[in-house]
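Since the structure comes first, as structure tokens, the remarks are kept for the end.
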Amino acid sequence: MSLMTEITIFVLAVFVGFEVISKVPTTLHTPLMSQTNAIHGIVMLGGLIVLGYADDGLEYLIGTIAVAFGAINIVGGFMVTDRMLGMFARKPKPKPSSDGKGGA
Amino acid sequence: MVRAVLEPGGDAATALYIVAFSLFIVGIKQGTHPTTAKRGNLIAAGGMAVAVVTTLLLDGMGNWGLIALGLGIGTAVGVIASIRVQMTEMPQMVALYNGVGGGAVALIAWSEIRHGGNGLPLDELIPIIFAGVVGSVSFWGSNIAFAKLQDLIPTRPIAAPGQQVINGVLLIGILAACVSIAVGNDDPSQLTFIGILVAAGLLGNLVVLPIGGADMPVVISLLNAFTGLSAAAAGFALDNVALIVAGTLVGSSGTILTMEMATAMNRSVPNILFSGFGGAPSAGGGGSGEEKPHVSIGAQDAAIKLAYADTVVIVPGYGLAVAQAQHAIKEVGDELEKRGVTVNYAIHPVAGRMPGHMNVLLAEADVPYEQLKEMEDINPEMPRTDVAVVVGANDVTNPAAKNDPDSPIAGMPIIEVNQAQQVIVIKRSMSPGFAGIDNDLFYESNTSMLFDDAKKAAADIAAEIQNL
Numbered sequence: 001m002s003l004m005t006e007i008t009i010f011v012l013a014v015f016v017g018f019e020v021i022s023k024v025p026t027t028l029h030t031p032l033m034s035q036t037n038a039i040h041g042i043v044m045l046g047g048l049i050v051l052g053y054a055d056d057g058l059e060y061l062i063g064t065i066a067v068a069f070g071a072i073n074i075v076g077g078f079m080v081t082d083r084m085l086g087m088f089a090r091k092p093k094p095k096p097s098s099d100g101k102g103g104a
Numbered sequence: 001m002v003r004a005v006l007e008p009g010g011d012a013a014t015a016l017y018i019v020a021f022s023l024f025i026v027g028i029k030q031g032t033h034p035t036t037a038k039r040g041n042l043i044a045a046g047g048m049a050v051a052v053v054t055t056l057l058l059d060g061m062g063n064w065g066l067i068a069l070g071l072g073i074g075t076a077v078g079v080i081a082s083i084r085v086q087m088t089e090m091p092q093m094v095a096l097y098n099g100v101g102g103g104a105v106a107l108i109a110w111s112e113i114r115h116g117g118n119g120l121p122l123d124e125l126i127p128i129i130f131a132g133v134v135g136s137v138s139f140w141g142s143n144i145a146f147a148k149l150q151d152l153i154p155t156r157p158i159a160a161p162g163q164q165v166i167n168g169v170l171l172i173g174i175l176a177a178c179v180s181i182a183v184g185n186d187d188p189s190q191l192t193f194i195g196i197l198v199a200a201g202l203l204g205n206l207v208v209l210p211i212g213g214a215d216m217p218v219v220i221s222l223l224n225a226f227t228g229l230s231a232a233a234a235g236f237a238l239d240n241v242a243l244i245v246a247g248t249l250v251g252s253s254g255t256i257l258t259m260e261m262a263t264a265m266n267r268s269v270p271n272i273l274f275s276g277f278g279g280a281p282s283a284g285g286g287g288s289g290e291e292k293p294h295v296s297i298g299a300q301d302a303a304i305k306l307a308y309a310d311t312v313v314i315v316p317g318y319g320l321a322v323a324q325a326q327h328a329i330k331e332v333g334d335e336l337e338k339r340g341v342t343v344n345y346a347i348h349p350v351a352g353r354m355p356g357h358m359n360v361l362l363a364e365a366d367v368p369y370e371q372l373k374e375m376e377d378i379n380p381e382m383p384r385t386d387v388a389v390v391v392g393a394n395d396v397t398n399p400a401a402k403n404d405p406d407s408p409i410a411g412m413p414i415i416e417v418n419q420a421q422q423v424i425v426i427k428r429s430m431s432p433g434f435a436g437i438d439n440d441l442f443y444e445s446n447t448s449m450l451f452d453d454a455k456k457a458a459a460d461i462a463a464e465i466q467n468l
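Top line first, the protein sequences correspond to chains H and L. One point on numbering: in this note's numbering, the residue at position 71 of the first sequence is 71, and numbering is uninterrupted. One point on numbering: in this note's numbering, the residue at position 352 of the second sequence is 352, and numbering is uninterrupted.
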């Protein structure tokens, strides 16, 4: 890919990001931050590529740690967002009986 | 072994990456509406699965044992952490995940420098250096944010004299070293690069340490944007379109979120980053002087005040979250409603430790959505409110934000509980909030203080109302 192609993609993505996120209700700031946080776990791809083509000891180490970090970012990020949004999913009930336990 | 292989940088791999980032965009878009957010998150996660599988299928990949090890450790840690974490600890969890993402970027950059050795072209070298610096700042900055929110280190601003000068010198040093690598690019020195990573990490520490706990969500959001941008830079270096698009999306959306949060707190982002909230290191100024008189009551008196009111507004704050009192306070609300009292919850935009955090907590306790009122909607109702109950909130109710132009929180939008007929403040002690300043509300004649843990106090009040 040429540098200019990459820059084009970059600039367009900036606008998409601004467009997609504008006017989010405050209510959803926390889960949304958590979700975008999970998405930058995409760096794990870089870690996989580094590790997948690594050929010396230090690189094995760096790559493995990078992959582990990335996996924490991805798996933890998406799961915790899911848990949070699960709280919102339980919508208003007419009159919750006082022992409404609610296991997700 | 039969295995489909994709040519790195080939059309098939790129097409799959395009599918992946499209799913991210759809996922984020759906995340902006309460009804579709959960599905949106799953869609984005699906996009991530496509991207990861595509990468694993690239031709020539090896070291499967180590890949499995890294994936296994990371997945285990991620799963356990996300199941164990309390909803109240969400901000530090986000900080931690953000940190590891930044750390991964810094490591990848280091490895690329090693691997590239002589003769990396400038259009790879520059993004690598950028990714390394920003990733390292993000990693260390997020760790400090995590430690502060987890109370491992004091949440109060910590700053050395001349802090800005030190930061400035560090930044200039980093830039100079980057330029020196870039111009002498036929032999990028690994040692110089490691030095840059270390200096950038130090800078991340020093920038976040002086920031007070109340401003931390804005910082986390900003670091989130940083990590996104560093991921995009890594994508430039690796010629990987999925990284470029996903990283950039997070970078720009994170920037917007950061600005919106700062607006909600009536502060500017540079002001948050560089002012060292609370002014001078001895910000205790207003608090520690003479003891001013205040009224203290018990659960029974509070129950009587509440039970015979027509309208009650509950103002939950971080103290409620810490005490896990969201269920107990819901009990109080239910008991009052049984007696015909109108109950609403007033949610400050930054209640809790993150915008929207309180909504998550109250939703967890099954508080009906329509009882949650935003600040702008509830403030005009305050003079008609019989009793306002402040549970573990402090700075967001401090009238000094409106009345005292010299206050560190001057101009911050507040919930005007002092306008209500009576105020009950449930709080453990008279100690100041995150901003480290005294709250005039506590000394007003219509304010009663109930000193107790929020959860216990709420449970006691609910029981007392039942006995009336």
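Glycine included, every Cβ here is placed at the ideal spot set by N, Cα and C.
Asked	Found
Please decide whether Gly279/L counts as near chain H, where near means a Cβ-Cβ distance under 8 Å.	A caution first: Gly279/L carries a pLDDT of 38, below 50, which makes its placement in the model too unreliable to give a value.
Where DSSP assigns a beta bridge to Ala346/L, which residues make up the other side?	Lys373/L
With a CB to CB cut of under 6 Å and the five nearest residues on each side skipped, what residues in its chain are close to Ala131/L?	Val105, Ala109, Ser230, Ala233, Ala234
Pull out every residue of the stretch 64-75 of chain H whose Cβ sits closer than 8 Å to any Cβ of chain L, in chain order.	Thr64, Ile65, Ala66, Val67, Ala68, Phe69, Gly70, Ala71, Ile72, Asn73, Ile74, Val75
In chain order, which beta strand (DSSP E) runs of at least 3 residues are fully inside the stretch 79-162 of chain L?	none
Below 8 Å on the Cβ atoms is my guess for Thr397/L versus Leu441/L; work out the distance and round it to an integer in Å.	6 Å
Rounded to whole angstroms, what's the CA-CA distance from Gly48/L to Leu243/L? Just pull it up for me.	The residue asked about is misnamed: residue 48/L is Met in this sequence, not Gly. Using only the alpha carbons, I get a separation of about 11 Å.
Applying a beta-carbon distance threshold of less than 8 Å, which residues of chain H neighbour Ala246/L?	Ile39, His40, Ile42
Which residues of chain H have a Cβ atom closer than 9 Å to the Cβ of Tyr513/L, listed in chain order?	What is shown of chain L runs 1 to 468, which leaves residue 513/L out entirely.
Pull out every residue of the stretch 406-436 of chain L whose Cβ sits closer than 9 Å to any Cβ of chain H, in chain order.	none
Rounding to the nearest angstrom, what Cα-Cα distance links Pro127/L and Leu238/L in this structure?	9 Å
Pull up the CB-CB distance for Val269/L and Val312/L, whole angstroms please, since I reckon it's below 8 Å.	The Cβ separation is near 37 Å, so there is no contact.
Between Val391/L, Ile18/L, Gly228/L, Gly72/L, which has its C-alpha nearest Met33/H's C-alpha?	Gly228/L
With a threshold of 16 other CB atoms inside 10 Å of the CB of Gly254/L, please say whether the residue is buried or exposed.	buried
Any beta-carbon of chain L closer than 8 Å to the one on Phe86/H?	The sequence as given places Gly at residue 86/H; Phe does not occur at that position. Yes, contact with chain L.
Tell me the DSSP secondary structure of Gln324/L in three-state form.	coil
Would you say Asp239/L reaches chain H, if we count a Cβ-Cβ gap shorter than 8 Å as a contact?	yes
List the whole-angstrom C-beta distance separating Gln300/L from Lys455/L, where the pair is believed to meet the contact cut-off of C-beta under 8 Å.	Not quite, the Cβ-Cβ distance comes to about 18 Å (not below 8 Å), so this is no contact.
Alpha carbon to alpha carbon, how far is Leu223/L from Leu12/H? Give it in angstroms, no decimals.	22 Å
Compute the minimum distance between the beta carbon of Tyr17/L and the heavy atoms of the ligand FAD, and state whether it is under 7 Å.	Ligands in the displayed structure: none, and consequently the ligand FAD is not present.
Among Arg267/L, Gln150/L, Leu206/L, Gln190/L, which has the Cα closest to the Cα of Gly116/L?	Gln190/L
Should Asn224/L be flagged as near chain H, meaning a C-beta pair shorter than 8 Å?	yes
Compute the distance between the beta-carbons of Ser111/L and Val43/H, then report whether it is under 8 Å.	no
In whole angstroms, what is the alpha-carbon distance linking Pro355/L and Thr30/H?	6 Å
Using only alpha-carbon positions, find the residue among Val79/L, Ile67/L, Leu69/L, Leu66/L that is nearest to Ile72/H.	Val79/L
Taking three-plus beta-carbon pairs below 8 Å as touching, is the stretch 4-21 of chain H in contact with the stretch 193-208 of chain L?	no
Can a CB atom of chain L be found closer than 8 Å to the CB of Gly57/H?	no
Within the 8 Å Cβ cut-off, does Lys29/L reach chain H?	yes
By the 8 Å beta-carbon criterion, what residues does the stretch 110-131 of chain L contribute toward chain H?	Trp110, Ser111, Glu112, Arg114, His115, Asp123
With the cut-off set at 8 Å, would you say Met449/L and His294/L are in Cβ contact?	yes
Would you tell me roughly how many angstroms separate the C-alpha atoms of Leu56/L and Val5/L, rounded to the nearest one?	9 Å
Which residues in chain H have a C-beta closer than 7 Å to the C-beta of Ser221/L? List them in chain order.	Met33
Rounded to a whole number of angstroms, what is the C-alpha to C-alpha distance between Asp215/L and Arg156/L?	10 Å
Beta carbon of Ala458/L, beta carbon of Val350/L: below 8 Å?	no
Just curious, the alpha helix (DSSP H) that Val387/L is in, first and last residue?	Where Val387/L is concerned, there is no enclosing alpha helix (DSSP H), although the beta strand (DSSP E) it sits in stretches over 387-391.
For Ile426/L, collect the residues of the same chain with a Cβ closer than 6 Å to its Cβ; drop the 5 residues on either side in sequence, then sort them by chain order.	Val391, Leu450, Ala454, Ala457
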